[in-house]
Amino acid sequence: MVLNYTVKFSDEGLKRFERLDGRVKKKVIKKVGLLGDFKLLNTIKKMEGRDKDYYRMRVGDIRILFRVREGEKTIWVTDIGFRGSIYR
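In this note's numbering, the protein residues as written are 201 to 288.
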């Protein structure tokens with residue numbers, strides 16, 4: 201599979217990732233690896249109330265928030281957390 205986008209973590213996204221449990225980290229890494237072709241995935245939704253280039257990916261009760269930079273072909277993972285607290 202050819203990745204169309206480069207996936208990078210923002211400082212905050214990386215800090216949130218590091219706080220996760222080991223089992224959860226493995227699930228998140230597996231899903232983040234699929235973000236290169238994010239337009240083909242059905243677990244991704246466009247965010248409402250934010251800039252037009254923000255999306256979220258569901259991994260069980262975890263949400264991965266990311267921003268797509270079309271011009272750079274880059275996806276920036278900006279936040280990772282549990283569904284109840286991630287949107288605050």
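Just so you know, even glycine gets a beta-carbon here, dropped at the ideal spot from N, CA and C.
Of the choices the options, whose alpha-carbon is the least far from that of residue i?
{"i": "V228", "options": "S285, R263, L241 and D253", "result": "R263"}
{"i": "E272", "options": "L265, M257 and D253", "result": "D253"}
{"i": "R256", "options": "E270, I286, G233 and R269", "result": "I286"}
{"i": "L241", "options": "D211, E212 and R258", "result": "R258"}
{"i": "T243", "options": "G213, K231 and G249", "result": "K231"}
{"i": "D245", "options": "D211, K226, L220 and L265", "result": "At residue 245 the sequence reads Lys, which differs from the Asp that was named. The shortest Cα separation from K245 among D211, K226, L220 and L265 belongs to L265."}
Hey, could you find the ends of the beta strand (DSSP E) residue i is sitting in?
{"i": "I262", "result": "I262 to R269"}
{"i": "G281", "result": "T274 to F282"}
What is the rounded straight-line gap between the Cα of residue i and the Cα of residue j?
{"i": "G260", "j": "T206", "result": "24 Å"}
{"i": "F238", "j": "K208", "result": "14 Å"}
{"i": "G281", "j": "R216", "result": "7 Å"}
Which residues mark the beginning and the end of the alpha helix (DSSP H) in which residue i is found?
{"i": "F217", "result": "D211 to E218"}
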